[in-house]
Every structure is written in C-alpha cells, then in structure tokens.
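Peer 1: Oh and the sequence shown: position 103 is 105 in my numbering, straight run, nothing missing.
All C-beta atoms, glycine included, are put in the ideal place defined by N, C-alpha and C.
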Amino acid sequence: MKLFFAPLQGYTDHLYRSIHSRVAGGIDTYLSPFLRCDGGKVRNKDLRDIATENNEGLDLVPQVIAADTDELKPLLDIVEQASYNRVDLNLGCPFPMQTGRGRGAAALAHPDRIEQMMQELQSRTRLKVSVKMRSGLTDTSEGLAVIEVLNRFELEHIAIHPRLGVQQYKGPTDREAFRRLKEASRHPIVYNGDLATPEDIDQTLSLFPDLEGIMIGRGLLARPTLAREWREGREYGETERMAATIEMHRRLYDAALQTLQGDQQVLARMQAFWEYQKPLIDKKVYKRLMKTTSLHNYEEAVRSLA
C-alpha cells in the first residue's frame with residue numbers, strides 16, 4: 003500500500019517535505035505544489051521547489067496545473083529539463099484563483115480540453131503520468147465523463163478526492179461517488195480526502211481494499227506522524243506527537259531563518275505551520291504564535307510549548 007503526501011500550496015514546499023521525511027516519515031511519494039504559468043512564466047520559487055538538489059532523498063513527483071495544452075507544454079518542458087520522469091496533472095484544485103482560469107477542477111467540465119492535454123502528455127514518452135482529480139466541478143457526471151477520457155490513455159494511477167470542486171473542502175466526502183468513479187476507471191485508484199487518523203485510513207481500506215494507495219494532505223499537516231503511526235500499527239499519544247511536531251518546527255524554523263528574507267516572511271512561514279496544530283496547543287499560546295510580529299516574542303511562545 004503506497005502512501006502519498008498530497009501537495010498543498012503555501013505549506014508543503016521542499017523545506018517542509020525534506021524535514022517531514024526525516025522527522026516524521028512514513029510517506030512513499032511526495033507531490034510538489036503545482037507548477038503553473040502566470041503571465042506566460044513560471045515563478046522562480048516554484049522552479050527552486052522542484053530542483054533536484056532541493057529534494058535529495060525524496061521520491062518527488064512534480065505536479066502541473068493548466069487550462070489547455072498551450073499552458074501545459076512549457077510546464078512539461080520544465081519538468082523534463084529538471085530530469086524527472088513522472089508528472090502529475092492537477093484536475094482537482096477548487097480555488098477560484100485557478101478555477102476562474104479554467105484550471106484544476108474547472109477543467110472537469112471540459113473533457114475535450116482534458117483529452118487534448120492527455121494527448122500532449124502521452125507524446126512525452128519519457129514521462130509517466132498520473133492525475134489528481136475531484137469527482138466533478140458541479141456534478142459527479144462530469145467526473146465520470148473525464149474518467150471515460152482518461153481510460154483511453156496510459157496512467158500510473160488516478161487520485162480521486164470525492165468532493166465537487168464547488169464544495170471546496172466543505173461538507174462530507176462522497177464515498178458513493180468515489181465508488182462509481184473507481185468502478186468506471188480501468189486505472190489503479192488512489193483515495194484522497196479527510197483522512198485524519200490511522201483509523202480513518204483503515205476504514206477507507208476496509209471499504210476499498212484494492213486501492214493502489216492512500217493520499218493524505220491536510221491530515222498530515224495537522225498530524226505529521228500520521229503515516230508513520232499507521233505503518234507502525236499504533237496511535238501515538240499526545241506527548242509523542244507533540245515531540246515530533248516540535249522537532250519538525252525546530253528544523254523548519256532554522257531553515258526559514260537561513261533561506262527567507264526578513265522577519266515577516268519567517269513568521270508567515272511558521273504561522274502556516276502552527277495553523278494546523280491548533281488542537282494540540284494551549285489557546286493562549288496559539289494566539290501568541292499567530293498574532294506576534296516579533297521573532298523574539300515568537301521564540302518565547304514556542305519555548306513555552308516544550
């Protein structure tokens with residue numbers, strides 16, 4: 003059973019991935035936050051994020067997001083030039099900044115465009131391709147139509163998050179929609195969505211025992227040890243989980259001080275880390291961590307957690 007760490011913009015950059023792998027572990031494959039073309043260019047920070055020297059020791063798959071083949075081609079050129087032989091196509095991002103440009107989950111309403119993008123992907127014979135998708139943009143019928151298109155191409159797997167794009171992350175996941183999409187596909191399927199505990203993973207596997215893998219995103223931000231706990235077959239206590247979280251923080255903070263420009267960039271990076279740790283932290287300390295504008299005050303708040 004393969005465990006994948008889903009990409010999350012603003013969180014799972016190369017610093018986070020490398021530190022998570024060394025401290026928490028349990029993950030087979032990491033996906034990069036998606037590469038995209040804005041104004042015809044890819045941001046330098048995104049290029050640095052997939053640079054092989056920044057991802058040593060990791061099994062990393064670059065992810066790309068595009069509305070059509072014109073946007074897709076330069077992204078695939080970059081992936082190939084960076085010496086990767088795999089790429090993941092994002093058909094799931096639900097956020098308006100991307101869907102408003104026809105990307106991510108919005109592409110699910112246009113299977114003709116997806117077919118054209120898949121033809122371009124298949125023409126890149128060096129690249130093995132996977133897809134991450136939602137069950138549809140506004141209706142599951144859209145996801146089923148896309149599965150019909152994807153069935154005509156060779157894929158390593160399809161990761162399905164069983165919510166509609168218009169839901170973003172609201173409401174429960176639709177396991178029945180996932181089942182219909184899975185049964186319609188000829189490809190190996192990976193489940194993604196609302197996995198927060200080892201028990202959640204076990205329950206999903208009991209419902210779908212022939213999955214290719216499990217992909218976890220927000221659950222790993224909130225509980226970095228989740229994958230390792232599941233592999234070891236035991237749930238960590240709060241003390242053990244907090245110890246791993248603090249060690250991840252120490253390394254991430256040191257790296258941020260060395261690589262980011264100015265106190266506010268460092269604080270923004272670290273506050274994003276603590277955002278998902280709220281249930282583990284005293285409310286007053288959490289407020290101090292999230293509100294401070296001073297590195298000195300921030301460090302004092304972190305020391306109070308130990």
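1. What is the DSSP secondary structure of F6, counted as helix, strand or coil?
2. Between the alpha carbons of P226 and M217, how many angstroms are there, rounded?
3. Measure from the alpha carbon of D37 to the alpha carbon of each residue in D265, V63 and I116, then state which is nearest.
4. Between which two residues does the alpha helix (DSSP H) holding R243 run?
5. L213 to L297, Cα distance in whole Å?
6. Which of the three DSSP states is assigned to Y86 in this structure?
7. Using the C-alpha atoms, what's the distance from E158 back to D61?
8. CB-CB under 8 angstroms to L123, same chain, minus the five flanking residues each way: which ones, in chain order?
9. State the Cα-Cα distance for the pair R243 and R252, rounded to the nearest angstrom.
10. Would the stretch 7-17 count as touching the stretch 29-47 if we require 3 or more Cβ pairs under 8 angstroms?
11. Smallest Cα separation from P190: which of R181, A198, K289 and C39?
12. Buried or exposed for T127, going by 16 or more other Cβ atoms inside 10 Å?
13. Name the DSSP beta bridge partners of V63, please?
14. Work out the CA separation of D284 and L197 for me, nearest whole Å.
15. When you compare the stretch 258-267 with the stretch 46-56, are there three or more beta-carbon pairs, one atom per stretch, that lie closer than 8 angstroms?
16. In three-state terms, what does DSSP make of S137?
17. Would you identify the three-state DSSP class for K172, choosing helix, strand or coil?
18. Run the CB neighbour count on P113, radius 10 Å, all protein chains shown included, and call it buried at 16 or more, exposed below.
19. Alpha carbon to alpha carbon, how far is A229 from L222?
20. Tell me, to the nearest whole angstrom, how far the beta carbon of L282 is from that of T247; I am working on the premise that it is less than 8 angstroms.
21. Please report the distance separating the alpha-carbon of F275 from that of D256.
22. Pull the bridge partners of S125 from the DSSP assignment, please.
23. Just confirm the distance between the C-beta atoms of E240 and P200, as a whole number of angstroms; I'd bet it's less than 8 angstroms.
Peer 2: The structure says:
1. Reduced to three states, the DSSP call for F6 is strand.
2. Distance from the CA of P226 to the CA of M217, rounded to the nearest whole angstrom, comes to 14 angstroms.
3. Inspection of the sequence shows that residue 37 is occupied by Leu rather than by Asp. Closest option to L37, judged by alpha-carbon separation, among D265, V63 and I116: V63.
4. First-last of the alpha helix (DSSP H) with R243: E240 to T261.
5. So the alpha carbons of these two residues sit roughly 45 angstroms apart.
6. DSSP places Y86 in coil when its eight states are reduced to three.
7. The alpha-carbon atoms of D61 and E158 are separated by roughly 15 angstroms.
8. Around L123, the same chain offers L74, L78, V89, L91, L129, V131 and F155 as residues with beta carbons nearer than 8 angstroms, after the five sequence neighbours per side are excluded.
9. Between the alpha carbons of R243 and R252 lies a distance of about 14 angstroms.
10. Result yes; three or more Cβ-Cβ pairs closer than 8 angstroms.
11. Restricting attention to R181, A198, K289 and C39, the CA atom closest to the CA of P190 is found in R181.
12. Taking a 10 Å sphere around the C-beta of T127, we find fewer than 16 other C-beta atoms and assign the residue as exposed.
13. For V63, DSSP records a beta bridge to L33.
14. Going by C-alpha positions, L197 is about 24 angstroms away from D284.
15. As far as the Cβ criterion goes, the stretch 258-267 does not touch the stretch 46-56, which means the pair count is below three.
16. Look at S137 here: in three-state DSSP terms it is strand.
17. Look at K172 here: in three-state DSSP terms it is coil, with no helix or strand label.
18. Within a 10 Å sphere around the beta-carbon of P113 sit 16 or more other beta-carbons, which makes this residue buried.
19. Between A229 and L222, the C-alpha separation is close to 8 angstroms.
20. So it is a contact: roughly 7 angstroms between Cβ atoms.
21. Straight across, the Cα-Cα distance linking F275 with D256 is about 13 angstroms.
22. Bridge partners of S125: none, in fact.
23. That belief does not hold up - the Cβ atoms of E240 and P200 are roughly 15 angstroms apart, past 8 angstroms.
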